[in-house]
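**Student:** Protein chains in written order, with the numbering used here: chain A, 1 to 487; chain B, 1001 to 1487; chain C, 2001 to 2487; chain D, 3001 to 3487.
Number of protein chains: 4
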Amino acid sequence: MSLEALGSPVSFLKEMLGPVPNEDVLQEYEVWWVEGQAISDDIDRRGTPWLRMFDRFGNRVDEILYPPDYWRLLKKGYEAGVVWRVFDENSLMPFLLLGYVTAFHDPGLNCPYTVSLSTAVPLDKYGASELKTRFMPPMLRKEGLPWQGATWMTEVKGGSDLGVAVETVAQPAGDRWLLTGEKYFASNVGAELAVVAARPEGLPRTVRGLALFLLPKYREDGSLNYTVRRLKDKTGTRSVPTGEVELQASEAFLLGPQEHGIYLILEVLNLSRVANSISAVALAQRAMADALSFAEQREAFGKPILEHPLLRTQFEERLRDLRRAFALAWEAGRLLDEVWREGYPYSDRYHLFRLVAHLSKYWTAEVGAMTAKWAMEVHGGLGVLKEYGVERWFREAMVAAIWEGTTHRHVLDGLEAMERKGAHRLLFAHLSEEAEDKEVKELSSRVEAHLGLSIEEKEGTAEPLFWNLAKFTAERLLRKLEAGQPG
Amino acid sequence: MSLEALGSPVSFLKEMLGPVPNEDVLQEYEVWWVEGQAISDDIDRRGTPWLRMFDRFGNRVDEILYPPDYWRLLKKGYEAGVVWRVFDENSLMPFLLLGYVTAFHDPGLNCPYTVSLSTAVPLDKYGASELKTRFMPPMLRKEGLPWQGATWMTEVKGGSDLGVAVETVAQPAGDRWLLTGEKYFASNVGAELAVVAARPEGLPRTVRGLALFLLPKYREDGSLNYTVRRLKDKTGTRSVPTGEVELQASEAFLLGPQEHGIYLILEVLNLSRVANSISAVALAQRAMADALSFAEQREAFGKPILEHPLLRTQFEERLRDLRRAFALAWEAGRLLDEVWREGYPYSDRYHLFRLVAHLSKYWTAEVGAMTAKWAMEVHGGLGVLKEYGVERWFREAMVAAIWEGTTHRHVLDGLEAMERKGAHRLLFAHLSEEAEDKEVKELSSRVEAHLGLSIEEKEGTAEPLFWNLAKFTAERLLRKLEAGQPG
Amino acid sequence: MSLEALGSPVSFLKEMLGPVPNEDVLQEYEVWWVEGQAISDDIDRRGTPWLRMFDRFGNRVDEILYPPDYWRLLKKGYEAGVVWRVFDENSLMPFLLLGYVTAFHDPGLNCPYTVSLSTAVPLDKYGASELKTRFMPPMLRKEGLPWQGATWMTEVKGGSDLGVAVETVAQPAGDRWLLTGEKYFASNVGAELAVVAARPEGLPRTVRGLALFLLPKYREDGSLNYTVRRLKDKTGTRSVPTGEVELQASEAFLLGPQEHGIYLILEVLNLSRVANSISAVALAQRAMADALSFAEQREAFGKPILEHPLLRTQFEERLRDLRRAFALAWEAGRLLDEVWREGYPYSDRYHLFRLVAHLSKYWTAEVGAMTAKWAMEVHGGLGVLKEYGVERWFREAMVAAIWEGTTHRHVLDGLEAMERKGAHRLLFAHLSEEAEDKEVKELSSRVEAHLGLSIEEKEGTAEPLFWNLAKFTAERLLRKLEAGQPG
Amino acid sequence: MSLEALGSPVSFLKEMLGPVPNEDVLQEYEVWWVEGQAISDDIDRRGTPWLRMFDRFGNRVDEILYPPDYWRLLKKGYEAGVVWRVFDENSLMPFLLLGYVTAFHDPGLNCPYTVSLSTAVPLDKYGASELKTRFMPPMLRKEGLPWQGATWMTEVKGGSDLGVAVETVAQPAGDRWLLTGEKYFASNVGAELAVVAARPEGLPRTVRGLALFLLPKYREDGSLNYTVRRLKDKTGTRSVPTGEVELQASEAFLLGPQEHGIYLILEVLNLSRVANSISAVALAQRAMADALSFAEQREAFGKPILEHPLLRTQFEERLRDLRRAFALAWEAGRLLDEVWREGYPYSDRYHLFRLVAHLSKYWTAEVGAMTAKWAMEVHGGLGVLKEYGVERWFREAMVAAIWEGTTHRHVLDGLEAMERKGAHRLLFAHLSEEAEDKEVKELSSRVEAHLGLSIEEKEGTAEPLFWNLAKFTAERLLRKLEAGQPG
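1) Counting contacts by CB-CB distance shorter than 9 Å, is B:E1416 in contact with chain A?
2) What residues from chain D crowd round B:V1411, counting only those whose CB sits closer than 7 Å?
3) How close, in whole Å, do the beta carbons of C:V2399 and C:A2375 come, if the pair is a contact with beta carbons under 8 Å?
4) Under 8 Å: do the stretch 2030-2046 of chain C and the stretch 2096-2108 of chain C share three or more Cβ pairs, one atom per stretch?
5) Can you tell me which residues form a DSSP beta bridge with B:T1242?
6) One question on the structure: do A:L431 and A:L359 come within less than 9 Å of each other, judged by their Cβ atoms?
7) Name the residue from B:F1353, B:W1363 and B:P1464 whose alpha carbon lies nearest to the alpha carbon of B:A1423.
8) Which residues, taken in chain order from the stretch 3285-3309 of chain D, show a beta carbon closer than 8 Å to some beta carbon of chain A?
9) Any idea what DSSP makes of D:T3180, helix, strand or coil?
10) Below 8 Å, can you find three or more Cβ-Cβ pairs linking the stretch 2073-2080 of chain C to the stretch 2139-2156 of chain C?
11) Would you mind listing the alpha helix (DSSP H) stretches within the stretch 2034-2099 of chain C that are 4+ residues and don't spill past its ends, in chain order?
12) Between the stretch 2291-2311 of chain C and the stretch 3449-3460 of chain D, do at least 3 Cβ pairs fall closer than 8 Å?
13) Quick one: is A:F57 near chain D, going by C-beta distance under 9 Å?
14) Once the 5 residues before and after C:P2486 are set aside, which same chain residues still bring their CB inside 6 Å of it?
15) Taking D:I3039 as the query, report the chain A residues whose CB atoms sit under 9 Å from its CB, ordered along the chain.
16) The beta strand (DSSP E) with B:P1200 in it runs from where to where?
17) Let's test the definition: count the other Cβ atoms within 10 Å of the Cβ of B:E1331 and tell me whether it reaches 16, buried, or not, exposed.
18) With a threshold of 7 Å on Cβ separation, who are the neighbours of B:Y1184 within its own chain once the five nearest residues in sequence on each side are excluded?
19) In angstroms, rounded to a whole number, what distance separates the CA positions of D:P3204 and A:G236?
20) Check whether the Cβ of A:D233 lies closer than 9 Å to any Cβ atom in chain C.
21) Can the beta-carbon of D:L3319 be found less than 9 Å from the beta-carbon of D:L3255?
22) Taking 9 Å as the cut-off, decide whether the C-beta atoms of B:T1151 and B:S1187 are in contact.
23) Could you tell me the alpha carbon to alpha carbon distance between C:R2060 and D:L3385, rounded to whole angstroms?
24) Report yes if the C-beta distance between C:M2093 and C:G2333 is below 9 Å; otherwise report no.
25) I'd like the list of long-range same chain contacts for C:P2138, defined as Cβ closer than 8 Å, with 5 residues on each side in sequence excluded.
26) Going by DSSP in three states, C:Q2297 sits in which element: helix, strand or coil?
27) Does any residue of chain C have a CB that is nearer than 9 Å to the CB of D:G3487?
28) Would you kindly work out how many angstroms separate the C-alpha atoms of B:L1292 and A:L412, rounded to a whole number?
29) As a quick exercise: from A:G380, A:E396 and A:A211, pick the residue whose alpha carbon is nearest that of B:T1406.
30) Under the three-state reduction of DSSP, which class applies to B:P1107: helix, strand or coil?
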């Protein structure tokens, strides 16, 4: 591949994937980012925006004081079709491709797009028809800023063990429910609609007791349906406002059958995890591109530092990792594109997808963070100055690494998918085209042996296994991509 | 070792080293940090301070507007003896031990102490007697804030290739020199004295053309001897002001014979690198301590997350790495304590020290950064919030990783020490007590083979070798420490 | 008087008042401010502090993240006796004198002291004995930081028309009450105790329906008794945290008989208004001192600008205004010192005090703001730079002008005191020592004529009358002071 | 007039002036400000932007990091014709009218427009033809952002006494000059062209020794012609970057004959002063409009506070002052529009203009500041919160009051115009249409008497005289306007 492609997400997508749908849209969107980057850099530089809680007359308004540029920036991706094209084309590809271009320039901005889609999808799949009639059109608006979505699960006690941590209670009230509780990490907190996890009154404090609700920002009379306690002061992803939300008898609508609530919640999370992987890869590409452009120009000992053998080796190894990570994340995307319309009970294809998604979320986060760290080192002292923004990519990368479940979560959930659904067998079959595949056989035996360990040992030593499985999968998928590539 | 010791740098020092000199001083200093930490956190939170360039009457003053608390904080380490005890006790140990306690709470604050010492040492070793008479007493003051030092080498073209990058010119003027040029990363920029690299007029643009000068902040008439162009807006180490300095015929005094200038410069850097290693280890201890205190209290799935096997394994492996890194950094310190009074030409002991220092700077920086990253992950979403300061340790760690030479520098300089001085042979002899040491033999052959490669290959593939050498050295040194440890 | 005294609040107090009680304490406190000023400047420069709502473990803590220096600064005034001496000496003088020295350096810092006293006084006068036993000792602690108080009346609908605007409801619960509502301008929001206005359930929506309650920050079990929604981002008085408070069944204790609630509330406000006047005068002195020190050194057209006749005239006129304002504020203080132990029904002396307090709050606020504005102008371009802090005094002055009731409030309330209580007649008698006092007679006729106007006209044209009355009173009081002054 | 007009600068202009030229352009520009205001508010809220001094490769760039929105905002006024229309229509009216609309929304933004015009005018009047050919076209560009201008006179020793304070020296170098020195208040510091005061080498240290030079930002080879030391951290006018400029042999071109330098400098200042007056009046209108919109909606005691007689009276009096100030500023503008093409020696019309300009700058600054202060008071506690931006108008107003000469300057310069040029007689003739004008006669005698005083007395007591003269002139001019107004 050409090094030049590193500086352009669309070129990189094409080099890796061959022809892509809507290429003209992607190109135009990438060109816009010449202007958009300056906006994004500014949003990052200025830190968390203000939340104006009251207007001058004492009315609660909870308005987020981003500069006007932010809204211009945000609108572009929506208009390009990051959400509406998914429904127009009945495919996640526009979302994934546009998301990649977005995340190359601003990984945090991919969050609003993702959670908007993650709101529209369950609404479309599980919403009563009057809900869809009321809420889908403004979400699928093709011009101007559409209604945005948001997905709020986590509460103050944490996001891993939702069954216990969700304390928000839902009380039935005619055709709707009244929700009372607090959401502690409410991303895209200015959204007009959110899907939220809550526990219908009386149900048990386990994941089985959870249901998914659609929560509008405003009641039908125009009043605020909930309040925002504050915005979080995050080190990264400042292009998405994350807040704490206080629900007090806030009106909401049940999505799907209550007893399938946890499945709906997991479907939402799975979509986010794939988007997160895609973002992490785009971020890694970006960090490498910045490092490269610096190393090509900065001189030491009589030549550009890129021509020094040690740096050159590092660069090539990281480039291979980037390509592997791309292949892995993209496979997660492609599989999701096959299964996203499924519901409980799920097909084997879905279980395969789940394992790939866990491997991908886990491994791409690591590649993203390590590439960003390396880009700082390549810049030397400039790498820790706020002035140049190189350090931004690491801040962004760490949010990607932690959001949607940290390392631990994905290793353990991946383990569970292997144990309960035999997902590793589905994976090996997926990766291997020949009957005799020695590498696959070896790894397969290792996995099977691992699954037979005591729970203490199995979990305690799972990470190296999972790491190898991810890297192996990524390498295999990359070779497939390379085999299918033009030129 | 006890997990409790993780929360206390003095306890950890004692567990690792056995009895330490001036233990009461260290204990008292650690106790002070209960108050000091709140100051340090505040300094970090508020970001880069203002530089007041002019007073109300138009006089240039270049005053750094830290809050009063900063000066209280800074004074404590000086009063405890981080500089003066080195000369009183003719040993670097007080500096290293107090520096460890400092860096556990605020890695950046160890910088002013280090550069003050790095100024006093060459002044003491190489300064003319009237310079020592004039400048040593205020630097060794035992009460109140002493005069501080600073070490300014890097210019705008970079810090690796000093021979070419230093454009500051020195012109002789009687008993002193007049320096004109700019220093681009001037740490501890408010110091009363600095040692700076400059090129006496007419000398060649190589490292041989450089000399080391002592540069006071004020001229004898009280006027400013140079100006500060601005403070750098760094992501970490906000407890030390880093600025850009403009020298315009600034008065300075030559240290040592001009033709040994580059050796003096490297002696200064070597001291800083050891201090940097010590800081990186202390930082790693701190990040682990914070992760531990969180993991012991945060619950998921019915028990503290520390009791989950996967997290437990990670914790134990990182703890081993911390202990290895400690052993390596401390050996660098101990060796420096033997050789710091040496001058050119240097003994074999000095060359051994140099290699250990490169290995240590290289590897401890990595352990520091990776431990800090892990501590963020353990905290989940809280890890990326500015509110809790966990993310601070990574910011600090990256400065440690980049300052005093990045990875590339240390790998290549270490290689040079092996090639030119056979420092690897000195190292293996140092590590091995038996004639037959299979591991050492194997590694030794690998190093020798590597040194025979073409320059392209030798440099291009040096990093894995260097990594292994560092880890091996660290593990061996740790075993020695463990063997010598009480109970 | 000497111009030098302008730079020292204690010297100015002595020049104006003659010997003052506890002079040694005042002197020592003023000396401390050499250090304190740097802290205060830093607090101002850094803006509104963070509010940390939750600790790392998800417990609500509502901790205000001032730097440690803030607490050192705050403690000094308390230790000097700004509250405890009032009860030890049974006199407000220590509060007023120490407050003047405080406000000269930091007008905002006088707020915590004032509201602490304004909490202790009604507790002492009206609290049940078990409340006093429990809460007075920590408020009167002589060493370390005592418990602080706060006075929270205003809600989101405004602070003038409390009868209607207070929506906080109190429900009886055994020996205490449960308060539910919100306080919108809660000064000194970190205080351990507050006195708050609330409406016992069922009482009418008028001032008669209000009662005063004592509200501890923590319940007896150590849990938070209310939450802080956020801190206000104020342009001035950053040395006192002002927040919004959410009361949800917060435990509180009734002070005094419910039906006298509004009197208790007004007593609290009256004390604050006097303190506010004193602060405004100290601020005016400070702004003049800064302007003077600049004008003495800055040169234009061959001489210090202070020697230019136009500036000189301005300076002298402002100095006279400062002295007038001092005399007026101090009389308000002296009268309050006579009547602060009174309760409803009040004596004529109290009504006289009330009118003088309204005149003083009104006029000193204006003098403070205009002097601060003038000090900016004297500094020319430097006056609008944040670097030099001259602009701070205006920011502070505007808070003084607006807090405790704006101009409108004091003019109208002063009018009411004249109409209902004949307070103007008490005032004229107070000011005049001779039977035949032509000026008094004229002004008296003018006031009486004004009181006979229609309500539209009376209110609409009240301000020039009130202004003249204030200035006249101030001038008379100044002459009295001057007559009694030493030397 | 209707109260509604207060909320619209174009409506107010029309009410006061009758039909205005280019009304459609003004209307369109005002409509744009619905979006522009959000940008302006954001620029104000975020404070001083960053100055990026170097790019990643160590090249000095001195780039001001405003957000992209800023440039969009800035461009609008230029495109509407704030500069190019002046030359197209050979009239200052477009500049004054568009400037009024600008300043209503953002008084600071009127500065770049003003200094750009103040650069183009002397270039056009005095520049050599090759300079005009080179520089006028980019300054008069009608689409996109044109080249901007700037006017830098003040140095660190102050702006009043330029004859002594200007230390910048100009050395001849062929067809150009080399300037060395520092400019301390360099407004619109990012401009592509500046006019600067400097002293040709060897000339005396008086105003006669000064000349005016045209200074491009870049040399013909594209390199920076000077550096920016830093941006000033101002409390107001954040929509214009003000910096300190370091000139080191910076290339510049002499404008006009050297010996007329001081006249050219004063012509530049006179234009700025008129623009400043216009801005101050627009600001006063804006502050009143905000106060009004609040007072109409905020209720106390059962009715909107605007209906309370005391507030109503204040409002009406301030409205009258606003209208007077408008009439005065507009007359200064109209007179300047007659004389701006004049050069030394000047006509009587020019001297009349000068006196009116001094009166106008002096009095409108005061009306602007006091109206802004009053608007804060009307808002009560909300007036000192940063959240609502009411406090912004005062911050802006104080810059207007201090820029282009403080009070003292205008009183004394006005006095000089009366003494040396008999400008008061020209003024009285201008204001009075009848032979017998008692008020004019009285004031005239008072002025004449004043001019006969000793210099000490004349200057020391000049302010009340000047105040009265300004108010009288304003009132007379307002009556003229009112007489000529439609309906």
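By construction, the Cβ of each residue, glycine as well, lies at the ideal position given by its N, Cα and C atoms.
**Tutor:** So, from the data block:
1) Position 416 of the second sequence, counting from 1, holds the residue named residue 1416 of chain B. Answer no: the Cβ-Cβ gap between B:E1416 and chain A never drops below 9 Å.
2) Working through the second sequence from its first residue, we reach residue 1411 of chain B at position 411. Ordered by position in chain D, no residue passes the 7 Å Cβ test against B:V1411, which lies about 24 Å from the chain.
3) Taking the third sequence and counting its residues from 1, one reaches residue 2399 of chain C at position 399. Taking the third sequence and counting its residues from 1, one reaches residue 2375 of chain C at position 375. So it is not a contact: roughly 16 Å between Cβ atoms.
4) yes
5) Reading the second sequence from its first residue, position 242 is the one you call residue 1242 of chain B. Its beta-bridge partners are B:S1187.
6) Position 431 of the first sequence holds residue 431 of chain A. Position 359 of the first sequence holds residue 359 of chain A. No, they are not a contact pair.
7) Translated into positions along the second sequence, residue 1423 of chain B becomes position 423. Answer by Cα proximity: B:F1353.
8) Residues passing the 8 Å Cβ filter: F3294, Q3297 and R3298.
9) On the fourth sequence, position 180 is the one that residue 3180 of chain D refers to. In this structure, D:T3180 counts as strand in the three-state DSSP scheme.
10) The stretch 2073-2080 of chain C and the stretch 2139-2156 of chain C touch, with no fewer than 3 CB-CB distances between them shorter than 8 Å.
11) 2068-2080 and 2084-2088
12) Taking 8 Å as the limit for Cβ pairs, the verdict is that the stretch 3449-3460 of chain D does touch the stretch 2291-2311 of chain C.
13) Here residue 57 of chain A corresponds to residue number 57 of the first sequence, with the count starting at 1. Yes, A:F57 lies at the interface with chain D (some Cβ there is under 9 Å from its Cβ).
14) Translated into the one-based positions of the third sequence, residue 2486 of chain C becomes position 486. Only weak support exists for where C:P2486 lies, its pLDDT of 47 falling under 50; the value from the coordinates is given anyway. Only G2018 meet the Cβ criterion.
15) In the fourth sequence, the residue the question calls residue 3039 of chain D occupies position 39. The contacting residues are P67, P68 and D69.
16) For the purposes of this step, residue 1200 of chain B is taken as the residue at position 200 of the second sequence. Where B:P1200 is concerned, the enclosing beta strand (DSSP E) stretches over L1193 to P1200.
17) For the purposes of this step, residue 1331 of chain B is taken as the residue at position 331 of the second sequence. B:E1331 should be labelled buried.
18) Sequence index remark: in the second sequence, residue 1184 of chain B carries index 184 (1-based). T1154, E1155, V1156 and E1244.
19) Translated into the one-based positions of the fourth sequence, residue 3204 of chain D becomes position 204. Translated into the one-based positions of the first sequence, residue 236 of chain A becomes position 236. One C-alpha to the other measures close to 58 Å.
20) Residue mapping note: residue 233 of chain A aligns to position 233 of the first sequence, counting from 1. Closer than 9 Å: yes.
21) By one-based count along the fourth sequence, residue 3319 of chain D stands at place 319. By one-based count along the fourth sequence, residue 3255 of chain D stands at place 255. In this structure, D:L3255 does not lie closer than 9 Å to D:L3319 by Cβ.
22) Locating residue 1151 of chain B in the second sequence gives position 151, where the first residue counts as 1. Locating residue 1187 of chain B in the second sequence gives position 187, where the first residue counts as 1. For B:T1151 and B:S1187, yes; Cβs fall inside 9 Å.
23) Taking the third sequence and counting its residues from 1, the one referred to as residue 2060 of chain C is at position 60. Taking the fourth sequence and counting its residues from 1, the one referred to as residue 3385 of chain D is at position 385. Cα-Cα distance, rounded: 26 Å.
24) Counting from one through the third sequence, the residue named residue 2093 of chain C turns up at place 93. Counting from one through the third sequence, the residue named residue 2333 of chain C turns up at place 333. Closer than 9 Å, so yes.
25) Counting from 1 along the third sequence, the entry for residue 2138 of chain C is found at position 138. Once the five neighbours on either side are set aside, the close Cβ partners of C:P2138 are P2146, W2147 and E2192.
26) Translated into the one-based positions of the third sequence, residue 2297 of chain C becomes position 297. Helix.
27) Position 487 of the fourth sequence, counted from the first residue, corresponds to residue 3487 of chain D. Annotation note: pLDDT 40 at D:G3487 (below 50); position unreliable, coordinate value reported separately. Chain C, which has no Cβ nearer than 9 Å to the Cβ of D:G3487, makes this no.
28) Along the second sequence, read from residue 1 onward, the residue named residue 1292 of chain B stands at position 292. Along the first sequence, read from residue 1 onward, the residue named residue 412 of chain A stands at position 412. Using only the alpha carbons, I get a separation of about 20 Å.
29) Reading the second sequence from its first residue, position 406 is the one you call residue 1406 of chain B. Residue A:G380 is the option with its Cα nearest to B:T1406.
30) Within the second sequence, residue 1107 of chain B is the residue found at index 107, counting from 1. The answer is helix: DSSP assigns B:P1107 an H, G or I state.
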